[in-house]
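What follows is one structure encoded as structure tokens, with my remarks underneath.
Here it is in structure tokens:
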């Protein structure tokens with residue numbers, strides 16, 4: 001009987017020890033969890049196939065703006081056409097474009113000595129031949145309105161000189177008169193139509209014009225630039 005209870009005690013002790021030692025597995029293992037269902041309509045493509053991704057814009061360094069165009073210039077005034085042409089040739093040799101401009105310059109009042117209008121052109125021509133024989137070579141035919149067929153016998157800027165010529169003509173039996181007229185003369189300018197930038201016209205510095213020797217009274221002066229040629233911005237119709 002004692003032997004039976006002893007075996008029963010040993011069996012219970014063994015069962016207790018087995019339950020204590022093998023309750024947890026020796027190696028832990030995480031079984032995969034089932035994935036949640038995903039609705040296809042909630043999926044979103046990162047990019048459409050065949051579509052190039054847009055590169056992120058990068059800031060570019062600021063480009064310095066070109067200097068604004070300055071005024072245009074012209075060189076003058078030249079009182080001699082030959083001097084103006086010579087100066088223009090010199091400037092063109094620098095690689096610049098030059099345009100010659102002719103203007104009238106007022107010199108104040110002048111005094112014209114003249115013979116009154118004659119009956120016809122033939123009579124005026126005969127009077128001029130007479131003046132030449134008498135030694136007066138400075139004469140010209142006048143054809144202005146109200147003075148047709150008159151003969152000019154000198155233009156003077158000093159009134160006393162005009163009076164002297166009048167006395168000389170009257171001494172020869174010619175009835176000369178004097179009238180004040182505006183004194184005008186031709187002057188010539190060399191226009192540079194290209195505007196200046198940064199103190200230069202093309203590749204030539206403005207200071208070079210001051211360093212050159214020109215005719216008396218000639219200098220480089222600012223002037224308005226010529227208007228730009230019109231551009232046809234309208235659309236052209238195709239030929240029918």
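Numbering (the UniProt record's numbering), first residue to last: 1 to 240.
Beta carbons are placed, not taken as given, at the ideal position from N, Cα and C, and that holds for glycine.
Within the continuous beta strand (DSSP E) that includes residue i, where are the two ends?
i, result
"residue 185", "177-192"
"residue 197", "Looking at the DSSP string, residue 197 is not in any beta strand (DSSP E), and its letter there is neither H nor E."
"residue 105", "99-115"
Using a Cβ-Cβ cutoff of less than 8 Å, which residues in the same chain neighbour residue i once the five nearest sequence positions on both sides are dropped?
i, result
"residue 87", "75, 78, 190, 214, 215 and 218"
"residue 151", "114, 115, 118, 124, 127, 128, 131, 139, 140, 141 and 142"
"residue 206", "73, 196, 199, 200 and 220"
"residue 105", "77, 184, 185, 186 and 187"
Can you give me the start and stop residues for the alpha helix (DSSP H) that residue i sits inside?
i, result
"residue 263", "Because the chain spans 1 through 240 in this model, residue 263 falls outside it and cannot be assessed."
"residue 81", "81-92"
"residue 78", "It is not in any alpha helix (DSSP H) - residue 78 instead sits in the beta strand (DSSP E) that spans 72-78."
"residue 127", "121-133"
"residue 210", "207-211"
Are the CB atoms of residue j and residue i within a distance shorter than 9 Å?
i, j, result
"residue 95", "residue 187", "no"
"residue 131", "residue 113", "no"
"residue 129", "residue 185", "no"
"residue 155", "residue 110", "yes"
Straight-line CA distance for residue i to residue j?
i, j, result
"residue 98", "residue 208", "16 Å"
"residue 135", "residue 200", "56 Å"
"residue 224", "residue 91", "19 Å"
"residue 212", "residue 221", "14 Å"
"residue 176", "residue 115", "5 Å"
"residue 127", "residue 120", "11 Å"
"residue 182", "residue 166", "19 Å"
"residue 89", "residue 192", "13 Å"
"residue 228", "residue 149", "46 Å"
"residue 133", "residue 142", "20 Å"
"residue 123", "residue 159", "28 Å"
"residue 137", "residue 168", "13 Å"
"residue 164", "residue 103", "31 Å"
"residue 80", "residue 93", "20 Å"
"residue 174", "residue 162", "15 Å"
"residue 157", "residue 146", "23 Å"
"residue 82", "residue 144", "29 Å"
Provide the residue(s) that pair with residue i in DSSP beta bridges, ordered along the chain.
i, result
"residue 151", "115 and 141"
"residue 223", "72"
"residue 156", "111"
"residue 204", "201"
In chain order, what residues of the same chain have a beta carbon less than 7 Å from the beta carbon of residue i, not counting five sequence neighbours either side?
i, result
"residue 84", "78, 100, 188 and 190"
"residue 195", "69, 70, 71, 72 and 225"
"residue 172", "134"
"residue 243", "A query on residue 243 cannot be resolved here, the shown segment of the chain reaching from 1 to 240 and no further."
"residue 202", "95, 96 and 194"
Give me, in chain order, the residues of the same chain whose beta-carbon lies closer than 6 Å to that of residue i; leave out the 5 immediate sequence neighbours on both sides.
i, result
"residue 179", "112"
"residue 55", "Reliability of the predicted coordinates at residue 55 is poor, the pLDDT of 49 falling under 50, and the value obtained from them is presented with this limitation in mind. So no residue of the chain qualifies."
"residue 28", "No answer about residue 28 holds up, because its pLDDT of 44 lies below 50 and its placement is not dependable."
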